[in-house]
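S.K.:
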Amino acid sequence: MSSHREAPTISKDPVADNTDLYAFVDPVDTSKVTILSNFIPLEEPAGGPNFFQFGDDVLYEILIDNNGDGVEDVTYQFRFKTTTQNPATFLYNTGPIGSLTDPRTGSSTVLGSDLPTPPVRIGPRSTPDYATLADAAVSSLGSGVKTFAGQRGEGFYVDLGSIFDLGALRPFQNLHLIPTPAAPGVNGTKGFNVHTIAIQVPKTDLTQNGFNPSDPADPRSVIGVWSAASRRKGTIREKNARIVESGPWVQVSRLGEPLINEVVIELGEKDLWNSQTPDGDSQFLDDYAHPQLQGLLPVLYPGVFPNLAALTGTGASRADLIAILLTGIPSGIIPGFQNSNGPTQADELRLNLAFAPSYPATDSGINPPRDSAKRFGLLGGDLDGFPDGRRVFDNVTAVELRAIAGATYPLIDSSFTPDGAAGLLMDGTKEDLPFIPKFPYLAVPYEGYEHSHDP
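Now the structure itself:
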């Protein structure tokens, strides 16, 4: 998964578990940037009576680096407070929820003023018109800033059951060391929800000194984005069920590029990685330069990756992955493209704000076919696609698999020929629920009353 239950400690603390991060120039209003940060992995929609919600005891943050030093220059902080309007019931709600002031609507966040969040999607009786209810929780804060915080359908698609079964990819599992017949991919996140913090802001709110990013070649057009969750350093649990928290905030989760702590960072370093800030990521450089998956692919798929095996055997550093994932791609590597904000090695989702969206804000535009080249971002020819930011429909699993398999190594060594399979790797999945062509873009969540997992 992109960053679901990716480290031992945070896997036990789901409300602070940062699962996915998206950042893209808004296709409806290209003068703005939309950033989506998801938390609480694999929410079972029928999880009542205590349905999922943001943590009142967690500090959620979206952070922006606009000068390339790995340190935040702009920070958006979100805190939540749950108000139970009817404590004399065991139910989440005691009737249909038709507005955000009906009993037990969840949380409120303070971002200059109290902002409502919608309830979870329960079913046709409790939340009969959920899309309208959720739309009412989109708040305009003035100066072109818009925000939303609430439940959304899981937008990250991946074949969890297959990938964690010794790295099997169903469409190619006939070539695996332990082969079974090739089969279509199965989206392991189908039927699950997440909680999303979304913010839409003018580009000039995020750049250095309000710079207007119109030239893709100008380094000032690039920002680095990450999100984080923190808890108080001290927690005291008293006998009367009272919990007292004190001390400074301590970071327990972070996320920039997708799948980094999930796949690239070694198990013994995962908790440490979650506690660090991007400016210290050079300590993890070897994980990027010599990723374990690079060595495993030729073993798990015998005879399929001979060129990758030879490259791994030389011990060569993967400078292509370091550029893509740690510094951004500098000018001169890909014609007409760059998304580097400086030499500092820092895990940030880098976005060049000068590239306009290559897709329309329509149902078909934001839901391209499974095999569309647009799903593969920069590898598919879209300068505005992952790893230049991340759009909701980008197939980040396939892009990173292909990169690690050697598809991007010719960017720094033209004499290297990628194996034929490197440019084909994917797990064969796509999202189940359609994305929506307006803020906050992620799908209306699955309802508890009726939903399904797997095919």
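Numbers in the numbering used here are just positions in the sequence shown, counted from 1, shifted up by 207. Where is the CB? At the ideal position from N, CA and C, for every residue including glycine. This structure is a prediction, so every number in the text was calculated from the model and none was measured.
Spatial neighbours of Y364 within its chain, please: CB distance less than 7 Å, with the 5 preceding and 5 following residues excluded, ordered by chain position.
M.R.: Within the same chain, Y364 has close Cβ partners N394, T396, T636, K637 and E638.
S.K.: What residue range does the beta strand (DSSP E) around N400 cover?
M.R.: N400 to P409
S.K.: Name the two residues that bound the continuous beta strand (DSSP E) containing K239.
M.R.: K239 to E250
S.K.: Do you know whose CA, among A405, A424, I430 and V401, lies nearest T411's CA?
M.R.: I430
S.K.: At what residues does the beta strand (DSSP E) containing A517 begin and finish?
M.R.: That residue, A517, is in no beta strand (DSSP E); its alpha helix (DSSP H) goes P513 to T521.
S.K.: When burial is assigned at 16 or more other CB atoms within 10 Å of the CB, is G596 buried or exposed?
M.R.: buried
S.K.: Beta-carbon within less than 8 Å of V457's beta-carbon, same chain only, minus the 5 sequence neighbours each way: which residues are those?
M.R.: S437, R438, R439, K440 and S482
S.K.: Of the choices A561, G275, A526 and F261, whose alpha-carbon is the least far from that of F231?
M.R.: Nearest C-alpha to F231: A561.
S.K.: What residue range is occupied by the uninterrupted beta strand (DSSP E) comprising K440?
M.R.: V429 to R444
S.K.: With H, G and I counted as helix, E and B as strand and the rest as coil, what does DSSP make of L384?
M.R.: Note: L384 maps to coil in three-state DSSP.
S.K.: Return the residue from the list I541, K239, G475 and H402 that minimises the CA-CA distance to T226.
M.R.: Closest by alpha carbon: H402.
S.K.: Tell me the residue span of the beta strand (DSSP E) that contains P455.
M.R.: I450 to L462
S.K.: Going straight from the alpha carbon of S524 to that of G543, what length do you get?
M.R.: Going from the Cα of S524 to the Cα of G543 covers about 26 Å.
S.K.: Go ahead and label N416 buried or exposed: buried means 16 or more other beta carbons lie within 10 angstroms of its beta carbon, across all protein chains shown.
M.R.: exposed
S.K.: Buried or exposed: which applies to I406, given that a residue is buried once 16 or more other Cβ atoms fall within 10 Å of its Cβ?
M.R.: buried
S.K.: May I ask which residues mark the beginning and end of the alpha helix (DSSP H) holding R673?
M.R.: In this structure the chain extends from 208 to 662, so residue 673 is not present and cannot be described.
S.K.: Find out if the Cβ-Cβ distance for the pair L515, D626 is shorter than 8 Å.
M.R.: yes
S.K.: What does a CB cutoff of less than 6 Å around Y616 pick up in its chain, not counting 5 residues either side in sequence?
M.R.: D527 and F623, listed in sequence order.
S.K.: What do you reckon, are the CB atoms on F246 and Y267 nearer than 8 Å?
M.R.: yes
S.K.: Is Q284 helix, strand or coil by DSSP?
M.R.: strand
S.K.: Any heavy atom of the ligand GTP closer than 7 Å to the CB of N273?
M.R.: For the structure depicted, the ligand GTP is absent and the ligand set is empty, with no information on it obtainable.
S.K.: Straight-line CA distance for I643 to E279?
M.R.: 30 Å
S.K.: Quick one, are the C-beta atoms of P409 and N548 less than 8 Å apart?
M.R.: no
S.K.: Below 6 Å CB to CB, which residues in the same chain sit around A390 once its five sequence neighbours on both sides are set aside?
M.R.: R377
S.K.: For E654, which residues in the same chain have their Cβ closer than 8 Å to its Cβ, ignoring the five residues on either side in sequence?
M.R.: P252, R328, I329, G330, P331, T334 and Y337
S.K.: Within 10 angstroms of the Cβ of E464, are there 16 or more other Cβ atoms? Answer buried if so, exposed if not.
M.R.: That one is buried.
S.K.: Given a cut-off of 8 Å, decide if I269 and I404 are closer than it, judged by their beta-carbon atoms.
M.R.: yes
S.K.: Taking D570 as the reference, which of L649, G454, D620 and P505 has the closest Cα?
M.R.: L649
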